[in-house]
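For what it's worth, the working numbering labels the leading residue of the sequence shown as 149, then goes sequentially.
Cβ atoms here follow ideal geometry from the backbone N, Cα and C, with glycine treated the same way.
Since this is a predicted model, take the numbers as computed values, not measurements.
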Amino acid sequence: MATERPVVRPTMFGAANTDYAAGRDAEHIAHLAGGLDVIGMVECKNLALARLAPEGFTAHQWTAKRRRPGRRRPRDAAKAGCGIVLRDATLRPRQGAELELKIGVRPVLGRRRVRMLTRYIACLAVEHVVTGEPFYLVVVHFPPERFERLWPRVVRRVRRIAARHPNVVIMTDANMPAAALVDLLDLAELTYYGEEVMAVLWNRHQLDPKVVQTDRWGRRHRATGHPTVVAGLAHRR
């Protein structure tokens, strides 16, 4: 007789944007940690998430001087722009997994360097502590609309990641409506919940949305100019 998988609550994923200039990042992250298992944080300019993660949470963020062994330090000192904060009691990195940092797009149009930080894609393979079920986490911050000509480069890279990992959960500030991003990605298996430019995307064949909601605490308290969008997901049985 097959062993039934334990029944657990949905895993709560949030796509959040920090306002590095407002000085309320610690309060904002503490608030989000009250209800989320995963905080996918973008725009972490010069912000060490490990110093702000509450007890019981672990931050995964590239803060070393080199992007990876043998590579030069990124030109912008923005701690690679995004990071992932996990609730330790719910999720842990899969055995041997570490944060992977991929180039989304460099701030270059033609031969001209533009005034924009390099966009990185942060990826981490994790598993549920109780069930062992896998998720592949992706956090990405797309270029602003004034540089929309750079969007296709990031889209191609995110599409490749999503196609390779059926248990993907993408948390993003897309700098475009979530529906437009899904259209650009052009992957029939992806669905989403989003508001304004913030979105959580997942594979509809693998993951079932149990809760979708928007958290506006950060905007109300002037900790960020963006809402946090939340999706509670469970593996389909």
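Query, Result
"Counted within 10 angstroms of its Cβ, other Cβ atoms place Arg221 as buried (16 or more) or exposed", "Residue confidence for Arg221 is low, a pLDDT of 48 falling below 50, so the modelled location carries little weight and cannot support an answer."
"Cα-Cα separation, Cys271 to Arg294", "26 angstroms"
"Nonlocal neighbours in the same chain, by C-beta distance under 7 angstroms from Gly373, ignoring five residues either side", "Asp167 and Arg367"
"9 angstroms Cβ cutoff met for Ile269 and Leu249", "yes"
"Phe295 in three-state terms, based on DSSP", "helix"
"Three-way DSSP call (helix, strand, coil) for Pro375 in this model", "coil"
"Rounded C-alpha distance that separates Leu329 from Val287", "14 angstroms"
"Neighbour-count burial assignment, Ala225, 16 or more Cβ in a 10 Å radius", "The pLDDT assigned to Ala225 is 45, lower than 50, so where the model puts this residue is not dependable; a value taken from the coordinates is nonetheless given after this. Under this definition Ala225 is an exposed residue."
"Per-residue burial, Asn351 [other beta carbons within 10 Å of its own, 16 or more giving buried]", "buried"
"Nearest residue (CA-CA) to His276, options Gln209, Val359, Met189 and Gln243", "Gln243"
"Leu349 versus Gly380 - alpha carbon distance", "11 angstroms"
"As assigned by DSSP and simplified to three states, the class of Glu175", "helix"
"Under 9 angstroms between C-beta atoms of Thr206 and Gly229", "no"
"Three CB pairs or more closer than 8 angstroms across the segment 179-187 and the segment 324-338", "no"
"DSSP bridge partner residues for Ala310 (one or two, in chain order)", "Answer is none; Ala310 lacks a bridge partner."
"Of the listed residues Thr159, Glu175, Phe161 and Pro158, nearest to Arg370 (C-alpha basis)", "Glu175"
"Under the three-state DSSP convention, the category Leu234 falls into", "strand"
"Within the segment 252-294, ranges of the beta strand (DSSP E) (whole runs, at least 3 residues)", "267-276 and 282-289"
"Where Leu200 sits in the DSSP three-state scheme", "helix"
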